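Novice:
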Amino acid sequence: VDGKRFFGNDPKTATKNLPAEGVKKVQVFDEQSEEEKLTGASSTPPEKTMNLELKDEFKKGGFGKIIAGAGTEERAELKGNFNKFNDKEQFSIIGIGNNTGRNGLSWDDYQDFRGSQSFNWDDDGDFGFGSGGGYIIRYGGDEGDDDIGDIENSFFGDQSAGFPRNIQGGLNYTYAHEKTDLNAVYFFDRSQLMAEATRNQQNFLPDATYTNQDISSQDNTNMGHRVQFRIEQKIDSLNTLVFNANGVLNQRDNLNDGTYRYFRSNNQLSNFTQFDNRFQQDARYLTGSLIYRKKFKKKGRSLGWSGAYFVNDSEQTGTQSSINEFYDDSGALDSTLVIEQQIDAVGLRQQVKSSAIYVEPFGKRWYWQTFYNYNLRLESVDRDVADVVQDLPAPNDFLSRYYDNRIDLHRLGTSLRYSYKGINISAGLARQEFQLEGDFRSGPSGMIDTVIRRTFPNWIPNVNMSIDLKRNRYLDGGYVVTAREPSMRNLQPVIDNSNPLFIREGNPNLIPQIDHNIRMSFRRFSPATFTNLFTNINFRIVENAFVQEQTVDSLLVTNSRTINYKGGQSLWASVSYGFPIVKNKFTINLNYSYSWNKRFALVNAVENETFSNGHWTNLRLNVTPGDRFTLYLSGRFNLTDTKYSINAEQNQQLFNQTYSVDLNTILVWGIFANIHFDYDIYQNDRFGFNQDVPILSASLYKVLFPNKRGEIRLSGYDLLNRNLGVNQFATANIVSETRTTTLARYAMLSFTYNLQGIETSLKKNRGWW
């Protein structure tokens, strides 16, 4: 709208909230990518963009809505948002509180809230190629592996199982005028999830199989304050600066208790564990980055530089308690192990990174590019473990760990690109080097003091192709190599005995994993017939793959660590086709995907090679004859066939099916009705597992007031009272199925007030998934 994103990139947001009489002109054009803006050429297909030019008297306004509801089973929800705009500014406020696990913050809410700043994917400043390694900044977590820094997580998080409670809210301000774009955000998030789960799992050894049956409950609470600031300043037509700053205060409380039962092949009880683990963490992080882009008068010549700094400090305290009983082959109690420990950990993580890129055109078709990336990561953690004896802590020097790590990354690369009349082909090569320095120590009597000094050089080739075949047809492909250094969690020799029957330990001898990726895709869309076709294929070969090495003793206690091993392979291919039977009234979408995986694991020094074949088929029918009736039917079928080199008799098939019906219609007296039915079927021939979950929901609603700004709705969720969280999967030497108790049947009466009026026609779309 007027050359700026209007609260996201969904055209419906603008067309629903702007009056038709306020539109002066409509423009449709090919949007330039950031790469094309900088270099004059692009390696990706163009995207169609619509711009609405408004009349002067319609260049300011506001829209929003508030929803309040109360229901049975002590369920309630409150959600509201308001968006205001003029020709220079956008302001958004949003808030939500519920204990329903639904009506949370969605993709549309995210775009409405962030406004024209919804997407700034080019702000990372990692110029060049080959940056798919694990050195990308991650924010916080109990040992640095959990991402707590992105506001997007609050909008797109999944809480489909268990009993969630959420309170979220934020403010967003955007200013865009002439040479200055400014955005500031504050967001608060408090989420709680309580869940109870049962798990049945089979574990394969070279000459035997054992099972475990687990029952666990969790109560996890996460609370955070986040602030983001971004300013883009165009110094002149050739020079641009972008500055980003982000800050987070985060607190987590995790409670987990339950029981583990392990059984030998003859169903004889081997282990029984009762556990109760509680952890609390406080974390803070701050990051800032500066990006400079310079164009030259010679078209295509450009220069870019970026620098960033990140710091994260955290404290974690916790207790882990367990009573572990071990039984011999006759079923008699052999021994008992009682664990009562306190854990205190303090961590400091810092990261400095910088990149530079230069692009030089040769004529009008050829472009030479060279770039350099540098990344420095420093980590320091003190983790004190103490055994509690007669209510007094005694230091456990064997489990306590103190370490300092430094990882330097250097990458220097160059590439040559041909770009002419929709044909873009590039080839390049980079030299990459990881330098790892680590100092790992245990407590005074732990007898562990390890120093690591290692260097890992790699060549990184890169080939990309993008061809505009005209008439809305595009061909895309490439070959990419990425080097992934080990995560700190896998490197540090910390012993994690929070589950005494499955003990994890780091491996300081890991080297980077090398991934070779080959991809090809084709897409076509016909605006005249509304048919679309998309196909793609991806093949990956892995060197020095990160795999799990497990040792299982006679008491079925597993010790696991990550090692480098000969690589696996994977293949993914899919095809999607959509077409109308009757244009805008009856459409069909078909999708088929296939995957093949070859991976390894080591169990008691014996190699287990696993092959899996997966088939995914989707069919969707959209019947939309008019505004008084719409019907959407879909079916999804997933089949995974897994074969093992050891214990081949455990080969199995997992089969999941989902059938959905969504019916919308207008009844009498202007009352609307919606009926939604999902029928999920989960099957495992090896377990004899067969679980069906039918979920039926329905609602009646009526639009109120002459200006159609109000709506009252009566809804019933899970009317059959059958809701259940089900998850089943197969890995290199494990087959598992989990059932999680979750929120089931309840009814709710809600009221909506909309500042712009509510559209009374039923939802109509082409059913993209």
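So the sequence shown is numbered by the working numbering: it starts at -1 and just counts up by one.
We treat Cβ as the ideally placed atom computed from N, Cα and C, and that holds for glycine.
Small disclaimer: the values here were computed from a predicted structure and weren't measured.
Pick from Val580, Phe584 and Gly612: whose alpha carbon is nearest that of Ser593?
Specialist: Translated into the one-based positions of the sequence shown, residue 593 becomes position 595. Cα-wise, what sits closest to Ser593 is Gly612.
Novice: Whole angstroms is fine: what's the gap from Asp85's alpha carbon to Leu661's?
Specialist: Here the question's residue 85 lines up with position 87 in the sequence shown. Here the question's residue 661 lines up with position 663 in the sequence shown. Taking the straight line from one Cα to the other gives about 40 Å.
Novice: Closest by CA to Ser268, which one among Asp690, Tyr590, Asn688 and Thr556?
Specialist: To locate residue 268, count along the sequence shown from 1; it is residue 270. For the residues Asp690, Tyr590, Asn688 and Thr556, the minimum Cα distance to Ser268 belongs to Thr556.
Novice: DSSP three-state label for Leu718, please.
Specialist: Here residue 718 corresponds to residue number 720 of the sequence shown, with the count starting at 1. Leu718 falls in the coil class under three-state DSSP.
Novice: DSSP three-state label for Gly132, please.
Specialist: Walking along the sequence shown from the start, residue 132 turns up at place 134. Low per-residue confidence applies at Gly132: pLDDT is 35, beneath 50, and the placement is therefore not dependable, though the value from the model is reported in the following sentence. In this structure, Gly132 counts as coil in the three-state DSSP scheme.
Novice: Within 8 Å, do at least three Cβ pairs link the stretch 403 to 419 to the stretch 362 to 379?
Specialist: With the cut-off at 8 Å, the stretch 362 to 379 and the stretch 403 to 419 touch.
Novice: Starting from Phe324, follow the beta strand (DSSP E) in both directions and report where the run begins and ends.
Specialist: Position 326 of the sequence shown, counted from the first residue, corresponds to residue 324. Ser300 to Tyr325 is the extent of the beta strand (DSSP E) around Phe324.
Novice: Mapping DSSP to helix, strand and coil, what is Thr489?
Specialist: Counting from 1 along the sequence shown, the entry for residue 489 is found at position 491. Sequence check: residue 489 is Leu here, not Thr. DSSP places Leu489 in helix when its eight states are reduced to three.
Novice: Pop quiz: Gly222 and Gln278 are said to be a contact at Cβ under 8 Å. What is the actual Cβ separation, rounded to whole angstroms?
Specialist: Here residue 222 refers to the residue found at position 224 when the sequence shown is read from its first residue. Here residue 278 refers to the residue found at position 280 when the sequence shown is read from its first residue. Gly222 to Gln278, Cβ: 14 Å. No contact.
Novice: Taking the Cβ atom as the reference point for each residue, do Asn654 and Phe635 lie within a distance shorter than 9 Å?
Specialist: Position 656 of the sequence shown holds residue 654. Position 637 of the sequence shown holds residue 635. Yes; because the gap between Cβ atoms is below 9 Å, this pair is in contact.
Novice: Roughly how many whole angstroms lie between the Cα atoms of Tyr290 and Thr412?
Specialist: As a first step, residue 290 is located in the sequence shown; it is residue number 292 there, counting from the start. As a first step, residue 412 is located in the sequence shown; it is residue number 414 there, counting from the start. Taking the straight line joining both Cα atoms gives about 20 Å.
Novice: Using DSSP with H/G/I as helix, E/B as strand and the rest coil, what is Ala159?
Specialist: The count along the sequence shown starts at 1 and reaches residue 159 at position 161. Coil, per DSSP.
Novice: Return the first residue and the last residue of the beta strand (DSSP E) that Ile561 is part of.
Specialist: As a working mapping, residue 561 is identified with position 563 in the sequence shown. Run containing Ile561: Thr556 to Tyr563, per the beta strand (DSSP E) assignment.
Novice: Does the stretch 546 to 565 touch the stretch 610 to 625, meaning 3 or more C-beta pairs lie closer than 8 Å?
Specialist: Output reads no: the stretch 546 to 565 does not touch the stretch 610 to 625.
Novice: Given a cut-off of 9 Å, decide if Glu75 and Gly62 are closer than it, judged by their beta-carbon atoms.
Specialist: Counting from one through the sequence shown, the residue named residue 62 turns up at place 64. Counting from one through the sequence shown, the residue named residue 75 turns up at place 77. No, the Cβ-Cβ distance between Gly62 and Glu75 is not below 9 Å.
Novice: Is there contact here, the stretch 322 to 340 with the stretch 352 to 362, by at least three beta-carbon pairs under 8 Å?
Specialist: No, because fewer than three Cβ pairs between the stretch 322 to 340 and the stretch 352 to 362 fall closer than 8 Å, the two stretches do not touch.
Novice: Can you pull the DSSP bridge partners for Glu377?
Specialist: Position 379 of the sequence shown holds residue 377. The partner list for Glu377 (beta bridge, DSSP) reads Arg347 and Asn403.
Novice: Whole angstroms are fine: how far does the CA of Leu180 sit from the CA of Leu169?
Specialist: Start at 1 with the first residue of the sequence shown, and residue 169 comes out as number 171. Start at 1 with the first residue of the sequence shown, and residue 180 comes out as number 182. Leu169 and Leu180: Cα-Cα distance of roughly 14 Å.
Novice: Can you tell me whether Asp212 is buried or exposed, with buried defined as 16 or more other CB within 10 angstroms of its CB?
Specialist: On the sequence shown, residue 212 is found 214 positions in, with the first residue counted as 1. Buried is the call here.
Novice: Note down the Cα distance separating Ala306 from His514, rounded to an integer number of angstroms.
Specialist: Residue numbering aside, residue 306 sits at position 308 when the sequence shown is read from its first letter. Residue numbering aside, residue 514 sits at position 516 when the sequence shown is read from its first letter. Spanning the two alpha carbons is a distance of roughly 28 Å.
Novice: With distance defined between alpha-carbon atoms, name the residue in Gly93, Met192, Asp678 and Arg452 nearest to Asn81.
Specialist: Taking the first residue of the sequence shown as position 1, residue 81 is located at position 83. Nearest option by C-alpha distance: Gly93.
Novice: Please name the residue, chosen from Val492, Lys581, Val550 and Gly504, that lies closest to Ala526 on a Cα-to-Cα basis.
Specialist: Indexing the sequence shown from 1 puts residue 526 at position 528. It is Lys581 whose Cα lies nearest to the Cα of Ala526.
Novice: Decide if Thr448 is buried, meaning its Cβ has at least 16 other Cβ atoms within 10 Å, or exposed.
Specialist: On the sequence shown, position 450 is the one that residue 448 refers to. Exposed, because fewer than 16 other Cβ atoms sit within 10 Å of the Cβ of Thr448.
Novice: Just to confirm my understanding: we take Leu397, look at its own chain, exclude 5 residues before and 5 after, and list those with CB closer than 6 Å. What are they?
Specialist: Position 399 of the sequence shown, counted from the start, is the residue given in the question as residue 397. Val383 and Ile493, listed in sequence order.
Novice: Going by CA-CA distance only, name the one from Asp124, Ser312, Pro204 and Ser574 that's closest to Glu607.
Specialist: Residue mapping note: residue 607 aligns to position 609 of the sequence shown, counting from 1. Nearest of Asp124, Ser312, Pro204 and Ser574 to Glu607, Cα basis: Pro204.
Novice: Can you find the residues in the same chain that come closer than 6 Å, C-beta to C-beta, to Leu747, ignoring five residues on each side of it along the sequence?
Specialist: Residue 747 sits at position 749 when you count from the first residue of the sequence shown. Closer than 6 Å at the Cβ level, and outside the excluded window around Leu747, lie Leu712.
Novice: Can you tell me whether Val(-1) is buried or exposed, with buried defined as 16 or more other CB within 10 angstroms of its CB?
Specialist: The residue you call residue -1 lines up with position 1 of the sequence shown. So Val(-1) counts as buried.
Novice: Taking Phe670 as part of the beta strand (DSSP E), name the residues at either end of that continuous run.
Specialist: Counting from one through the sequence shown, the residue named residue 670 turns up at place 672. That run of the beta strand (DSSP E) goes Ile669 to Asn682.
Novice: Compare the beta carbon distance of Thr750 and Ile710 with 9 Å and say whether it is the shorter of the two.
Specialist: Here residue 750 corresponds to residue number 752 of the sequence shown, with the count starting at 1. Here residue 710 corresponds to residue number 712 of the sequence shown, with the count starting at 1. Their beta carbons are under 9 Å apart, which means Thr750 touches Ile710 by this criterion.
Novice: What do you get for Tyr137, buried or exposed, if any count of 16 or more other CB atoms within 10 angstroms of its CB means buried?
Specialist: As a working note, residue 137 is residue 139 in the sequence shown. With a pLDDT of 29 at Tyr137, under the threshold of 50, the modelled position of this residue cannot be trusted, and the question is left open.
Novice: Using the DSSP secondary-structure output, state which residues sit across from Asn49 in a beta bridge.
Specialist: On the sequence shown, position 51 is the one that residue 49 refers to. Answer by DSSP bridge pairing, in chain order: Gln25.
Novice: In whole angstroms, give me the CA-to-CA distance for Asp327 and Phe273.
Specialist: For the purposes of this step, residue 327 is taken as residue 329 along the sequence shown, with counting starting at 1. For the purposes of this step, residue 273 is taken as residue 275 along the sequence shown, with counting starting at 1. Distance between the alpha carbons of Asp327 and Phe273 is about 24 Å.
Novice: Could you tell me the alpha carbon to alpha carbon distance between Glu71 and Ala742, rounded to whole angstroms?
Specialist: Translated into positions along the sequence shown, residue 71 becomes position 73. Translated into positions along the sequence shown, residue 742 becomes position 744. Taking the straight line joining both Cα atoms gives about 9 Å.
Novice: Buried or exposed: which applies to Gly147, given that a residue is buried once 16 or more other Cβ atoms fall within 10 Å of its Cβ?
Specialist: Walking along the sequence shown from the start, residue 147 turns up at place 149. Residue placement at Gly147 is poorly supported in this model, since its pLDDT is 39, which falls under 50; the coordinates are not used for a value here.
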